[in-house]
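A short write-up of the structure that comes next.
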Amino acid sequence: MLSYQHSYHAGNLVDAHKHARLAEMLVARPADAPTLAYYETHAGRGLYDLSSKEAKKTGEAKMGAPVIAALPKSHPYRQCIAQTQKRYGPRFYPGSPLIAQHLLHRQDTIQLFELHPQEHAALRTAMPHDRVQIEKADGYAGMLSLPTEQAARNGLLLIDPSYELKNEYADMAPWLQQLLRRSPNLSVLLWYPILKSGLHEPMRKALMQAFPTSPYEEVPFPADSGLRMLGSGLWQYTPLSSLESPQQALT
Ligand SMILES: C[S@@+](CC[C@H](N)C(=O)[O-])C[C@H]1O[C@@H](n2cnc3c(N)ncnc32)[C@H](O)[C@@H]1O
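The following block contains the structure:
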């Protein structure tokens with residue numbers, strides 16, 4: 188049974204890193220881009236109350252706030268937060284599905300996987316719209332089971348695991364290779380923790396071997412972050428990256 192709940196961590200340093208980059212990827216598409224199919228393997232509950240007892244218990248959002256405030260007001264991530272607060276109140280914070288919904292175009296589609304029953308139910312409440320498909324299912328298996336025609340569409344996938352299963356690190360690169368053979372027009376943003384134990388390192392190495400032109404970015408956290416991880420990592424794949432030259436950091 189899964190125990191991770193993002194309510195304890197919403198708006199923290201990880202979210203500030205991951206959600207800013209996700210927002211940038213969502214707006215980076217050309218204005219005349221065709222319909223985009225947006226996916227998340229690990230969606231969470233979509234909307235977070237930063238005054239909840241879970242959020243207060245860790246106080247992690249307090250570390251994310253200055254990082255977010257340092258971004259320009261016009262940054263799409265800040266605009267999503269402003270929209271969410273306008274709609275729900277100043278204590279609310281948008282999870283990745285709400286950020287995507289805010290920045291996607293009307294004709295785009297959204298498909299989200301979330302296994303935890305409580306998080307899944309909350310996600311349904313946060314995103315009741317017809318064009319959003321929400322599955323209480325394993326996101327890894329779900330992405331490999333997309334109908335062939337849908338799998339071939341232009342898409343963007345956020346992979347944001349809680350890494351509760353140790354094999355998730357080892358399975359990631361082979362799973363991505365399998366997925367991208369079926370879905371070659373998919374852009375991907377994968378989050379991973381930088382761990383003192385180095386558990387993430389073989390995964391990053393396997394990703395670099397399998398996708399040598401795909402960049403990654405690792406942001407170290409201050410020593411007093413109070414988090415168990417040392418920093419936040421993002422690995423990015425774009426279908427055209429195979430035409431570009433060498434490994435480079437995300438900018
Ligand atoms: C880090 S949270 C997601 C946060 C969300 N992406 C955001 O940024 O707002 C990870 C979520 O994945 C869910 N989860 C864990 N393993 C899963 C799996 N195999 N398939 C689908 N959901 C899973 C957990 O229940 C948890 O809600």
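Once you know that position 52 of the sequence shown is 239 in our numbering, the rest is easy, because the numbers rise by one and skip nothing.
All C-beta atoms, glycine included, are put in the ideal place defined by N, C-alpha and C.
These numbers were taken from a predicted model, which means no experiment stands behind them.
Taking one C-beta from the stretch 230 to 239 and one from the stretch 395 to 408 each time, how about it: are there three or more such pairs within less than 8 Å? no
With a 10 Å radius around its C-beta and 16 neighbouring C-beta atoms as the bar for buried, classify Asn-199 as buried or exposed. buried
Is it a yes or a no for the stretch 333 to 353 touching the stretch 362 to 382, going by three-plus beta-carbon pairs under 8 Å? yes
Note down, one range per segment and in chain order, each beta strand (DSSP E) of at least 3 residues found wholly within the stretch 351 to 433. Fully enclosed beta strand (DSSP E) runs of 3 or longer: 373 to 381, 403 to 407, 418 to 424.
Pull up the CB-CB distance for Met-314 and Gln-288, whole angstroms please, since I reckon it's below 8 Å. 7 Å
Which whole runs of the alpha helix (DSSP H) in the stretch 268 to 331 are 4 residues long or more, in chain order? 283 to 290, 304 to 313, 326 to 331
For Leu-345, which beta-bridge partners are listed by DSSP? Leu-345 is bridged by DSSP to Glu-227, Leu-376.
When the Cα atoms are used, what is the spatial distance from Ala-252 to Gln-423? 24 Å
Reference Gln-337, options Ile-255, Ile-321, Tyr-226, closest by Cα: Ranking Ile-255, Ile-321, Tyr-226 by Cα distance to Gln-337 puts Tyr-226 first.
Spell out a yes or no on whether the stretch 346 to 363 and the stretch 387 to 405 are touching, meaning 3 or more CB-CB pairs, one atom from each, closer than 8 Å. yes
Ala-308 versus Arg-232: straight-line alpha-carbon distance, rounded: 8 Å
Counting Cβ pairs closer than 8 Å, one from the stretch 194 to 208 and one from the stretch 317 to 336, do we hit at least three? no
Going straight from the alpha carbon of Ser-401 to that of Leu-310, what length do you get? When rounded, the distance between both Cα atoms is 31 Å.
According to the Cβ coordinates, are Leu-189 and His-303 closer than 8 Å? Yes.
Residue span of the alpha helix (DSSP H) that contains His-200, given as start and end: Contrary to the premise, residue 200 reads as Leu rather than His in this sequence. Its alpha helix (DSSP H) spans residues 200 to 214.
Short CB-CB distance (under 8 Å) between Arg-311 and chain B: In the structure shown, chain B does not exist; there is a single protein chain.
Environment of His-196 [buried if 16+ CB atoms lie within 10 Å]: buried
Relative to the C-alpha of Leu-291, which residue among Gln-305, Ala-328, Arg-216 is closest? For the residues Gln-305, Ala-328, Arg-216, the minimum Cα distance to Leu-291 belongs to Arg-216.
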